[in-house]
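Some notes on the structure that comes next.
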Amino acid sequence: MSTTHMLDRVAAAHGQTCYEVPVGFKWISAKMAETDAVIGGESSGGLTVRGHIPGKDGVYAGSLLVEAVAASGKSLSELYADIIERYGELVMVEAAYGFTVERRSQLASLIFEDHNLPDFTVLGHKTEKVIWEDGCKVYFTDGGWTTIRFSGTEPLLRVFCEMPTRNQAQTVADAIATYYELS
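So the sequence shown is residues 0 to 182, counted in numbering that gives the first Met the number 0.
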């Protein structure tokens, strides 16, 4: 849900489908089993590969990255530049906001019950669709997106935004923080 859509671009270029599930490896592992997916992961860096354990393994993910560097003979920055050249650039920003018990209740009601969202058109972003499966995810017609969700492990409201430029992503994230008076 909060992972780069660069994965969608890479999957599509290779004739594959990229599936989006709620945050958490129980959802990722279940979707992998259901679809016989080759790889699954999340923005925290958790990753698994078909035939490996059905949970996240950061050591394995790191080992695969080291292997990619060694096999290609390129640095990480060169590999990333190749990805951007091939699939375009997307930039993600994220923020986390603490709150009191009372404020959590207010935010939950405002955002997740009333579905009260900022007007993103004033920022030049038309909303394509909104899903409410795991918090809120707003998809923009220009390919960008933003999520607003409570952390499942910490008392935080998390905001992720991915857009073609850092400025666009930060502007949307800042607008969310301002709209909900987060700080």
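Think of the CB as a built atom: it goes at the ideal place given N, C-alpha and C, for glycine as much as any other residue.
Distance between beta carbons of residue j and residue i, contact taken as under 8 Å
i       : j       : result
Thr-2   : Ser-28  : Contact doesn't hold; Cβ gap of about 15 Å is too wide.
Asp-133 : Val-22  : 6 Å
Glu-202 : Pro-163 : Residue 202 lies beyond the range of the chain shown here (0 to 182); nothing can be said about it.
Range covered by the alpha helix (DSSP H) that runs through residue i
i       : result
Lys-125 : Per DSSP, Lys-125 belongs to no alpha helix (DSSP H) and is neither H nor E.
Ile-175 : 165–178
Phe-24  : 24–34
Ala-80  : 75–86
Met-5   : 5–12
Boundaries of the beta strand (DSSP E) in which residue i is found, first to last residue
i      : result
Ile-38 : 38–40
Val-48 : 46–48
Identified DSSP bridge partners for residue i
i       : result
Trp-144 : Tyr-138, Glu-161
Ile-130 : Lys-136
Leu-156 : Tyr-96, Phe-149
Met-91  : Glu-161
Three-state secondary structure assigned by DSSP to residue i
i       : result
Glu-66  : helix
Val-58  : helix
Gln-105 : helix
Ile-110 : helix
Ser-71  : helix
Query raised in the report: Does the region 57–69 touch the region 91–103, meaning 3 or more C-beta pairs lie closer than 8 Å?
Result: Using a Cβ-Cβ distance cut-off of 8 Å, the region 91–103 and the region 57–69 are not in contact, since fewer than three pairs of beta carbons, one from each stretch, lie closer than that value.
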